[in-house]
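Which chain is which? The protein sequence lines are A, B and C, in order. All the letters of the first sequence, read from the start, carry residue numbers 17 to 315 under the working numbering. All the letters of the second sequence, read from the start, carry residue numbers 7 to 356 under the working numbering. All the letters of the third sequence, read from the start, carry residue numbers 1053 to 1320 under the working numbering. By construction, the Cβ of each residue, glycine as well, lies at the ideal position given by its N, Cα and C atoms. What you are looking at is a predicted structure, and each value in this text was computed from that prediction instead of being measured.
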Amino acid sequence: MTATASAGLAGGTHVSPAEPRPGPDSLVPHHAPPAQRPSRGRPYATGLVTLWLSVVVLLPLAALAVTSTEDGWGGFWSALTAPSALAALRVTVLVSAVVALLNAVMGTLIAWVLVRDDFPGKGLVNVLIDLPFALPTIVASIVLLSLYGPDSPIHVHFNATRYGLVVALAFVTLPFVVRSVQPVLIEADKEVEEAAASLGAGGVTIFRRVILPTLAPAMISGTGLAFARAIGEFGSVVLIGGNIPRHTQVASQYIQQQIEIDQPVNAAVISVALLVIAFATLFLLRIASSRSLRRETAS
Amino acid sequence: MSRATRLTATATALAGAMAMTACAGGGSSDTSTTSSSSGAQATDAAKVSGTISLYGYSVAKTAYDKVIPGFTSGGAGQGVQFQQSYGASGDQSRKVAAGAPADVVSFSVEPDITRLVKAGLVSADWNASATKGIPFGSVVTIVVRKGNPKGIHDWDDLLKPGINVVTPNPFSSGSAKWNLLAPYAVKSDGGTNPAAGLAYLSSLITGHVHVQPGSGREATETFLQGTGDVLLSYEDEAIAAVRAGDPVEYVTPPQTFKIENPVAVVTKAKNPTAAKAFVDYLFTPTAQKLFAEAGFRPVDPTVAAAYAKDFPAPQKLWTIADLGGWASVDKDLFTKDTGKVAVIYDKATK
Amino acid sequence: MKTSRPARWSLRVVALGYLIALLGTPVVLILWRTFEPGLGTFLASVKTPAAISALNLSLLIVAIVVPLNVIFGVVTALALVRGRFRGRGLLQAVVDLPFAVSPVVVGVSLILLWGAGGWFGALDRAGFKVIFGLPGMVLATLFVTLPFVVREVEPVLHEIGTDQEQAAATLGANGWQTFWRITLPALRWGLTYGVVLTVARALGEFGAVIMVSSGFAGVSQTLTLLVHARYVDDQNTYGAYAAATLLMGLAVLTLLLMSVLNRKRRTT
């Protein structure tokens, strides 16, 4: 399990942290010095890899980018600022931010309980945390709809509301913060906490002054990854979200709608916007984590 | 060490088993999976098994669930295999125009077939016969919650304050076009007073339509999940929902609109003979009866007469011909950006 | 931190309550709704021709995607770790790209590249169907699963270094022998873990696949598309629950493999 692999969380299936790793490191790829010995066939390998990545990833995205400007920059701008498009982006970012914050709090709490508490069945709970990553998103949608949808046995109806979006996105992003914070908590120096306690600090003070600073980088990284995942999410909101324009329609649903009504350029423009938001999030995370890493090594 | 080996073995076995199951699937029971992906293989698949690929609008599934077994169980279609895809009429048309492998298309509205005519995928004389390529139809109805708590009986009731109307997106769904044409025809007196018709649509869309499901079926799903007071839909879809025991009922307003659902053979059909035979079958009395039993209005006069009690005639049934035909209506009302309904929708989403 | 008993209890209650509301209850409820009419009903629902064909198609896609990802993933990881060439950083970024791309965007991109009106539209017009065919679904799945093997193998390659390989070379082993005897065995756990992740994601992919599938029931529907089609097109809620339960079973299997492998990797 590497540092970079944790970025893999953004995609869907989970890479659970096998060994404890320092939290601040989590988004920084470690660049071990490459081996000195160049072996036969390397140039072919490089060419092959480039070709492979191009066909599978780069060319489709290039076609997307080019299509988005097919009607010129004016067309790009007007597609981006179409009221329903802006509304979809706003809903997406807003709900994702709420979900990310919810994750920051609940994820940390769950991680704390899993590390510092002990109760029967803890092992099972620990494994179940990963379920949202293993579960297909459309199944998540159906599963949540059965409890919070029209047939709800507890008469809670979240379908076609923003609560429904929050529940769906909280479900699929649950593991991010838990799995980022957990290893840091395991590593965290209990002695410092105990010393603080012996000096008369209360639980809240210890949490605020000792634990939180240690956990912050991992929390930020987990929250950011959850946010990046949430803004692109489609499968889990498709049945429970309601797809109501300007209310619960998220960007990915808007994109699908534009394809359905044969407006591929609009779809491409909003896709590009979504990509930019995701990249910006991951980029900021990278900066944040490298900065906190520097701070730590400096101190 | 030994545990490691065992685990590797298990993993390998698992992967192997998966691959084998998959191959078995691809090779025997499911030849169509591969044939649909490549034109070259599909030719011989057609020769041996005779497969018809049908692209239909979402709600038509209810009809074909009855009609296709009717075709394959006897006579011409015996042993013919079907591949069926259902979705929003406009989206299905877009997919076929973009190369989805279809032999027969069954859309909600004529413009979706016209798009394929323009793309060279459907022959220009597809509706030249006496039946005009329309094997079945319906009327626009108003679906309400059981007991009609909001007292909805006619088009004006939809504009009462606070009434939330579910109708799909007219740029992907054919159903949505029919739903809007009905009150438009009524209010504009068959198109003679377009301003009145548009005024009605404008208040309906701006004040009462808050959702835009992709297809007629998705609209039903949205309504059944609890959104809205009113669902505008096909009579057949309303009948299907009532038959399924969903807590809804439907009202056919005194004046409404005749829905005509066209069917055509795709010129590039891999299996043109079977496709043609199937489309011909749709017009036979046997198939017409099956349509009627599924809740769709048959076009055969004898069959229609026999099922008249299931399909009450409204006081006045406007038709697309009254409004000047699809070509002009579609251009005038539904053209993206410039069509009058498109403009209303654009304004409503601002 | 010494937490007081009440504090610890309340934290535990909040954490578990959240998990039960979000995760536990919905999952239990769907299992109950699936199996309440009896195991026979469930089996009948997942043994319809459409369901079997969907399972087969899902597994077929997995069977195509996994070997491709293993081969190209290992080669990519080798190039990224051992290679010294310009643009290596760029390749690193490209490998991570799929994590940041919404599945729907993947679908749209593939349509714009391979569709009849796209850059490679000529292929489509010549009769080779990518979009609305199996190749499109495979490409969509490859896109979303591309990083897993690379990102799991890469750290292991860093860790093992090249000492053993060099030793083997000194002893006269050729490149292939070294790879088969030294490099590959060292990679086995990382590789297996990457494969498990790939399988899970491939089975579960929905957004990207629905955009490029021709949607023929019983032909070009994967399991996830079947769940959606049963729920929306057929209004067959029970069928959707049953298919979802089947997928959930596969997911739990993956989960178990993941946690076993994780323990494995830690001890070896």
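Assignment of B:Val171 by DSSP, reduced to helix, strand and coil, places it in the strand class. Residues of the region 96-108 of chain B that bring their beta carbon within less than 7 Å of a beta carbon in chain C comprise Lys101, Ala104, Gly105, Ala106 and Pro107, in sequence order. With a contact defined as Cβ atoms closer than 8 Å, C:Thr1297 and C:Ala1254 miss out at about 19 Å. Nearest Cα to A:Gln265 within the set A:Ala104, A:Arg132 and A:Ile236: A:Ala104.
Three or more pairs of CB atoms, one per stretch, sit closer than 8 Å, so the region 1249-1268 of chain C contacts the region 1176-1195 of chain C. Within 7 Å of the CB of C:Val1284, the CB atoms of chain B belong to Arg223, Glu224 and Glu227, in sequence order along the chain. Interface criterion met: the Cβ of C:Gln1287 is under 8 Å from a Cβ in chain B. Taking the Cα of C:Glu1211 as reference, the smallest distance to any Cα among C:Gly1242, C:Met1189, C:Val1153 and C:Thr1230 is reached at C:Gly1242. Judged by DSSP secondary structure, C:Ile1163 falls outside any beta strand (DSSP E) and instead within the alpha helix (DSSP H) spanning Pro1155 to Trp1166.
A:Leu190 has a beta carbon lying within less than 8 Å of a beta carbon in chain C. In chain C, no part has a C-beta under 9 Å from the C-beta of A:Val109; the shortest such distance is about 13 Å. Counting along the chain, A:Tyr164 sits inside the alpha helix (DSSP H) bounded by residues Thr153 to Tyr164. Look at the beta carbons and you see the region 241-253 of chain A touching the region 154-169 of chain A: at least three pairs across the two are nearer than 8 Å. The Cβ-Cβ distance between B:Gly143 and B:Glu266 falls below 8 Å. Here DSSP, grouped into helix, strand and coil, assigns B:Glu255 to strand.
Judged by DSSP secondary structure, B:Ile148 falls within the beta strand (DSSP E) whose first and last residues are Phe142 to Arg151. Distance from the CA atom of A:Asp146 to the CA atom of C:Leu1308, rounded to whole angstroms, is 10 Å. Comparing C-alpha distances from B:Ile245 to each of B:Thr228, B:Glu299 and B:Tyr190 shows the shortest one belongs to B:Glu299.
Looking at C:Tyr1245, C:Leu1175 and C:Gly1213, the one whose alpha-carbon comes closest to that of C:Gly1125 is C:Tyr1245. One alpha carbon belongs to B:Ala136, the other to B:Val305, and they sit about 11 Å apart. In the structure shown, the three-state DSSP call for C:Arg1282 is helix. C:Arg1057 counts as exposed, since fewer than 16 other C-beta atoms from the protein chains shown sit within 10 angstroms of its C-beta.
Under the rule that a run must span 3 or more residues, the beta strand (DSSP E) segments found entirely inside the region 49-126 of chain B read 57-63, 87-93 and 110-112. With fewer than 16 other CB atoms across the displayed protein chains lying within 10 angstroms of its CB, B:Arg249 is exposed.
At the C-beta level, C:Leu1194 and C:Leu1162 stay beyond 8 Å of one another. Under DSSP, B:Leu238 shares a beta bridge with B:Ile148. Proximity of C:Arg1085 to chain A, defined by a Cβ-Cβ separation below 8 Å, is satisfied.
Around the beta carbon of B:Pro167, a 10 Å sphere encloses fewer than 16 other beta carbons of the protein chains shown; the residue is thus reported as exposed. Between the C-alpha atoms of C:Arg1315 and A:Val71 there is a straight-line separation of about 36 Å.
With respect to B:Ser91, B:Ser114 sits apart: the two C-beta atoms are not nearer than 8 Å. In terms of beta-carbon proximity, B:Gln261 stays away from the interface with chain C, with every pair separated by 8 Å or more.
Between the alpha carbons of C:Ala1303 and C:Val1080 lies a distance of about 15 Å. In this structure A:Asn119 is buried. Its beta-carbon is surrounded by 16 or more other beta-carbon atoms within 10 angstroms. B:Val271: member of the beta strand (DSSP E) spanning Val269 to Val271, first to last residue.
Within the region 1252-1278 of chain C, the residues whose Cβ lies closer than 7 Å to any Cβ of chain B are, in chain order, Ser1266, Gly1267, Phe1268, Ala1269, Val1271 and Ser1272. Residue pairing from DSSP places B:Glu266 in a beta bridge opposite B:Gly143.
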